[in-house]
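Just so you know, the sequence shown maps onto residues 874 to 1162 in this note's numbering. Here a beta-carbon is modelled for each residue, glycine too, at the ideal position from N, C-alpha and C.
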Amino acid sequence: MKVTTKKSKENKVTLDIEVPQEVIKKKFDEVYEKIGQEAKVPGFRPGKAPRHVLEQHHGKLAREEVLKSLISETYQESIKKENIDVIDVPEISEVKFEGDILTYQAEVEVKPEIKIKQYKGLPLKKNEIKVEPTEIEEYIKELKKTRSSDISDDKLARSLGYRSKEEFLDCLHKQMYLKKENDERARLERELINQLLKNSSFQAPASLAEKRFQELEHQAQHQMANFGMPQEKIKQRLEEFKPKFRTEAEEQVKVFLVLETIAKLENIKMDDHMINNVIEFLFAEAEWV
């Protein structure tokens, strides 16, 4: 089998595939053997009709089956042989099945070649995490608004299941600290991601971006429906959100591909924990200032 490849456009590769005579002949033999076992031919018992009779009665069917089967099989063999990382179904064109030769073109979308200028030693600064007494006071003040305004701190604490005001304040401090710590972690991750995207330049594959866009749209639709929003209103809001979802989808695809590239470079296991594991690796390699 002869295969030539060329990059046709951004994230696209075109394969010109030529299937030789011996492969086609073998496939015809397989197809006619199957037809002979299954087809009903007047004057012959199942499996007993000679080849030339099968060709007369089922030649068109056999040719269609051979063509479909060969394109499917030889396409898979070709992308494996050429080591092409395909991310979407191919567009098949220029099919010519004449005589004993089959040729066709397959255009496929592939993952972009991603080069990251730097991903180790990225500068990061962690902000000091503090819970100020005024923040706790403000929280308690807002909490009291939902209850009797003259309730004491001790009664408020006991009404919430705490044994004392001190236990309540201690728990509240820990909860607020943890929230700030999680917020700071999220900020650092965003800063890390922003630097990675700046250090790499590529276009997100259209099919992956479209798939992610549809997922975001479906999630939003589901959430709005759960809140009891009317269908007409949901449709209107989804239309308004489209530009935002498309931007988010493209960025999320690019983030995933960058992190996947780093995982491959650093032999990080490609599983459901890959993203978190890569981020942990990058934090460990960062230049903390």
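Check                                                                                                         : Outcome
Assumed close pair L975, L995 - CB separation to whole angstroms, cut-off 8 Å                                 : At roughly 51 Å, the Cβ-Cβ gap does not stay under 8 Å, so L975 and L995 are not in contact.
Exposed unless 16 or more other CB atoms sit within 10 angstroms - verdict on H1091                           : exposed
Check whether L1049 and I1009 have beta carbons under 8 Å apart                                               : For clarity, residue 1049 is Met in the given sequence; the question names Leu instead. The answer is yes: Cβ separation under 8 Å.
Environment of F1100 [buried if 16+ CB atoms lie within 10 Å]                                                 : exposed
Span of the beta strand (DSSP E), counted from its first residue to its last, around F1156                    : First-last for F1156: M1147 to E1158, but that is the alpha helix (DSSP H), not the beta strand (DSSP E).
Residues bridged to L975 (per DSSP)                                                                           : V892 and F970
Extent of the continuous beta strand (DSSP E) run through T1007                                               : Unbroken run through T1007 is the alpha helix (DSSP H), P1006 to K1017; no beta strand (DSSP E).
Supposed contact pair P1078 and I960 - C-beta distance, whole angstroms, cut 8 Å                              : 6 Å
DSSP bridge partner residues for K941 (one or two, in chain order)                                            : Answer by DSSP bridge pairing: none, since K941 is not bridged.
K1117 CB to nearest heavy atom of the ligand PLP below 7 Å                                                    : The ligand PLP is absent from the structure shown, which contains no ligand whatsoever.
Distance, G909 Cα to L927 Cα                                                                                  : 7 Å
DSSP bridge partner residues for S1074 (one or two, in chain order)                                           : Partner(s): none; S1074 has no beta bridge.
Q894 beta carbon less than 8 Å from that of D973                                                              : yes
Three-way DSSP call (helix, strand, coil) for I965 in this model                                              : strand
Residue span of the beta strand (DSSP E) that contains K882, given as start and end                           : K875 to K882
Three-state secondary structure (DSSP) of K885                                                                : strand
Bridge partner(s) assigned by DSSP for I989                                                                   : S1073
For V983, three-class secondary structure by DSSP                                                             : strand
At least 3 beta-carbon pairs within less than 8 Å: the segment 1021 to 1032 vs the segment 1055 to 1066       : no
Segment contact, 8 Å Cβ cut-off, at least three pairs: the segment 1100 to 1109 with the segment 1027 to 1042 : no
Supposed close pair F1156, R1119 - CB separation, criterion 8 Å                                               : In fact, because the Cβ distance is near 30 Å, the residues do not count as touching under 8 Å.
According to DSSP, residues forming a beta bridge with L997                                                   : W1161
Local Cβ density within 10 Å of V1168, reported as buried at 16 or more and exposed below that                : Look at the range of the chain in this structure, 874 to 1162, and you will see that residue 1168 is not part of it.
DSSP bridge partner residues for V959 (one or two, in chain order)                                            : V983
Through-space distance from S951 to L1081, alpha-carbon basis                                                 : 22 Å
Limits of the alpha helix (DSSP H) - the one that M1097 falls within                                          : A1079 to N1099
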